[in-house]
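Student: Numbering (the numbering used here), first residue to last: 117 to 729.
Here a beta-carbon is modelled for each residue, glycine too, at the ideal position from N, C-alpha and C.
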Ligand code: GCU
């Protein structure tokens, strides 16, 4: 397999690959520091510091990197980044806010990646592990340099032969774990809840003793092969995956059974809260999909074992461009919760359209105090493409995720600027500023030309790129907007589906009243007539038209600025080619959504712009 000579993404200042014989994070740290000629630095192990903590100290013209076992590596990268960007050294003892900072890779063993937009899997092909160890070490370096410490190797939808990862393929899993271990990255495996049944056990009922014994024995084998495995990740009773509901058992019973099997090995059981009725009849007005996670899990608060983490998507639907924070985060104070984000740009431009996520996370953090969750996870945006991310700028989202996982403080501008400086050190400062600006406004532009005002799901079914206003309207996934000639949206207040009742105050009242509900979420929570007058005095229909025209115009401006930037090749060619596709996509969204609403409402655009008949 071919290995190209580029150090990926934001580490262009580190020219060489980390040698294969280095096995300890401290050795890697020493090597990395030795790569930069004009830097005098020294490692000082400090067993009194937490394992991942570090402190940078100036001492006689040199910098001392004092740290715990992996802390020294994080400290080395922090020092190298500050040195490369010319920014001040971080002060005081630094340690991550969240102990588990996880990437969930939806990689299938046939080499495909579910919702992958950066090529095929970096480590699976032909139903087995198949990778270039040099690239995997580079990946380890990349993850460590932004502070990510857990990688789940396989898709949450566990397709055969991924069950073998905890069976016949354990030696391969162990070898793969060994490549990432020097970078402080531990593996996790997605498991199939019904796996005992493929091994002679007649049931997967979590309360059945044969099932419990099967998992306990399996855990012994798995941890014997990979002693530092972080744990198992489970998608159960969701989108046709097996789970405890088949046996009339709760998700606490299901999760705890697995958690008890892996507890003796120090394993963590990460259980996803992405459960809803995916066989809904569109005529059914009682079932409202955003209510599902809370309805399923809130009553189970306090019932999960200590080594279970319930992983909840940021919003109640499914990684849409704009969603309110999931109410489940506020309903389970006695449960370990993890926040799940999606870096793979499934609904956000598929690594063709620009979509920098930090502004979105800043908004999320405004409503979700970081201490509500004990861990963070993100669906990976990595793949086998030469630049690992499809779009060179999509690397920003992984980098930023790592930074926010260390320190979940809203600071989109700072993080974006840091990534730009590290990635393109050769570009003049004004140009770096222009690129940072493009990235900073990319989410806003995308949102404006996408589905209006929090409506969601006007996307092409299945592949989820491009507009299709009625594409999901009569399907079984619970994804409806109910636009007719007078009004659009679903009333999710107490008078409607009751979804707003799941929130604590002040969110409940803020969302329930159209007068206080943020404009961007208006149609998520309310059904409104097209002549509804918004806070800014415009009618709803005019605002829909205006937003779409503005989104397209902003994209054209971004394209113009991008074309003038002296980006290095091949990034420039890739970014420009993708921007041409983004412009086409933005035009399609703008025209199709505006035409859809004009045909329904019959309302003309107040500014007489072109809306197709
Ligand atoms: C989305 C996505 C699926 C994925 C699912 C999940 O629905 O489209 O491909 O399996 O999320 O999070 O499990």
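Could you check where the beta strand (DSSP E) with residue 238 kicks off and where it finishes?
Tutor: Careful: residue 238 lies outside any beta strand (DSSP E) and carries neither H nor E.
Student: What are the boundary residues of the beta strand (DSSP E) that includes residue 429?
Tutor: That run of the beta strand (DSSP E) goes 424 to 429.
Student: Mind checking which residues open and close the beta strand (DSSP E) that includes residue 161?
Tutor: It spans 157 to 161 - the beta strand (DSSP E) in which residue 161 sits, taken as one unbroken run.
Student: Would you kindly work out how many angstroms separate the C-alpha atoms of residue 181 and residue 355, rounded to a whole number?
Tutor: Whole-angstrom Cα-Cα distance: 47 Å.
Student: Where does residue 190 fall in DSSP's three states?
Tutor: Residue 190 falls in the helix class under three-state DSSP.
Student: With distances taken from CA atoms, which of 652, 359 and 505 is nearest residue 313?
Tutor: The shortest C-alpha separation from residue 313 is found at 359.
Student: Just the C-alpha distance for residue 238 and residue 502, rounded to the nearest angstrom, thanks.
Tutor: Residue 238 and residue 502: Cα-Cα distance of roughly 10 Å.
Student: Skipping 5 residues on each side, what residues in its chain have a beta carbon closer than 8 Å to that of residue 323?
Tutor: Around residue 323: 363, 365, 369 and 373.
Student: What residues are listed by DSSP as bridge partners for residue 304?
Tutor: Paired residue(s): 268 and 347.
Student: Between 468, 647, 614 and 410, which lies nearest to residue 559 when the distance is taken from Cα to Cα?
Tutor: Closest by alpha carbon: 468.
Student: Between the alpha carbons of residue 119 and residue 543, how many angstroms are there, rounded?
Tutor: Because the pLDDT of residue 119 is 39, which lies under 50, any placement of that residue in the model is unreliable, and the number read from its coordinates should be weighed accordingly. So the alpha carbons of these two residues sit roughly 26 Å apart.
Student: Does the Cβ of residue 224 have 16 or more other Cβ atoms within 10 Å, making it buried, or fewer, making it exposed?
Tutor: By the 10 Å Cβ count, residue 224 comes out buried.
Student: Can you tell me whether residue 453 is helix, strand or coil according to DSSP?
Tutor: Of the three classes helix, strand and coil, the one that applies to residue 453 here is strand, per DSSP.
Student: When you compare each of 506, 701, 535 and 194 to residue 512 by their alpha carbons, which one comes out closest?
Tutor: Of the candidates 506, 701, 535 and 194, the one whose C-alpha sits nearest the C-alpha of residue 512 is 535.
Student: Can you check the segment 382 to 432 for any alpha helix (DSSP H) of at least 4 residues that lies completely inside it and give the ranges in chain order?
Tutor: Segments of the alpha helix (DSSP H) lying fully in the segment 382 to 432: 408 to 413.
Student: Mind reading off the beta-carbon distance from residue 592 to residue 395? Whole number of angstroms is fine, and I expect it under 8 Å.
Tutor: Going by Cβ atoms, the distance from residue 592 to residue 395 rounds to 5 Å, so yes, they are a contact pair.
Student: Applying the 10 Å Cβ sphere with the 16-neighbour rule, what's the burial state of residue 117?
Tutor: Confidence at residue 117 is low in this model, with a pLDDT of 33, below 50, so the placement of that residue is unreliable and no value is reported for it.
Student: I'd like to check one pair, residue 195 with residue 129: are the Cβ atoms closer than 8 Å?
Tutor: No, the Cβ-Cβ distance between residue 129 and residue 195 is not below 8 Å.
Student: Can you find a heavy atom of the ligand GCU that lies under 7 Å from the Cβ of residue 450?
Tutor: No; taking the cut-off as 7 Å, the Cβ of residue 450 has no heavy atom of the ligand GCU nearer than that.
Student: Report the rounded CA-to-CA distance for residue 491 versus residue 450, giving the unit in angstroms.
Tutor: Cα to Cα, the separation comes out at about 15 Å.
Student: Need the endpoints of the beta strand (DSSP E) that residue 441 sits in, please.
Tutor: Unbroken run through residue 441: none, as it is neither H nor E.
Student: What would DSSP say about residue 608, mapped onto helix, strand or coil?
Tutor: Three-state DSSP puts residue 608 in coil, outside helix and strand.
Student: Is it the case that the CB of residue 462 approaches a heavy atom of the ligand GCU more closely than 7 Å?
Tutor: At least one heavy atom of the ligand GCU is nearer than 7 Å to the Cβ of residue 462, so yes.
Student: Exposed or buried, residue 653, counting other C-beta atoms within 10 Å across all chains shown (16 or more means buried)?
Tutor: Exposed: under 16 other Cβ atoms inside 10 Å.
Student: Run through the DSSP bridge pairs and tell me what residue 709 is partnered with.
Tutor: DSSP, once it has assigned bridges, lists no residue as partnering residue 709.
Student: For residue 305 and residue 367, I'd like the C-alpha separation in whole angstroms.
Tutor: Roughly 19 Å separates the two Cα atoms.
Student: Run the proximity test for residue 390: is its beta-carbon closer than 7 Å to any non-hydrogen atom belonging to the ligand GCU?
Tutor: Answer for residue 390: yes, Cβ within range of the ligand GCU.
Student: Would you call the segment 208 to 222 and the segment 131 to 150 touching, i.e. three or more CB-CB distances under 8 Å?
Tutor: With the cut-off at 8 Å, the segment 208 to 222 and the segment 131 to 150 do not touch.
Student: If I follow the unbroken alpha helix (DSSP H) through residue 515, where does it start and stop?
Tutor: Segment 511 to 522, the alpha helix (DSSP H) holding residue 515.
Student: Given this structure, state the Cα-to-Cα distance separating residue 590 from residue 275, to the nearest angstrom.
Tutor: About 28 Å.
Student: Which of the three DSSP states, helix, strand or coil, is assigned to residue 173?
Tutor: Residue 173: strand per DSSP, three-state reduction.
Student: Closer than 7 Å to a non-hydrogen atom of the ligand GCU - does that hold for the CB of residue 487?
Tutor: It does not: the Cβ of residue 487 is nowhere closer than 7 Å to a heavy atom of the ligand GCU.
Student: So, helix, strand or coil for residue 277, using DSSP?
Tutor: If DSSP states are grouped into helix, strand and coil, residue 277 belongs with coil.
Student: Give the straight-line distance between the Cα atoms of residue 121 and residue 193, rounded to the nearest whole angstrom.
Tutor: For residue 121, the predicted model reports a pLDDT of 46, less than 50, meaning its position is unreliable; a value from the coordinates is still stated below. Cα to Cα, the separation comes out at about 21 Å.
Student: Quick one, which of 703, 270 and 234 has its alpha-carbon nearest residue 245's?
Tutor: When only C-alpha atoms are compared, the closest one is 270.
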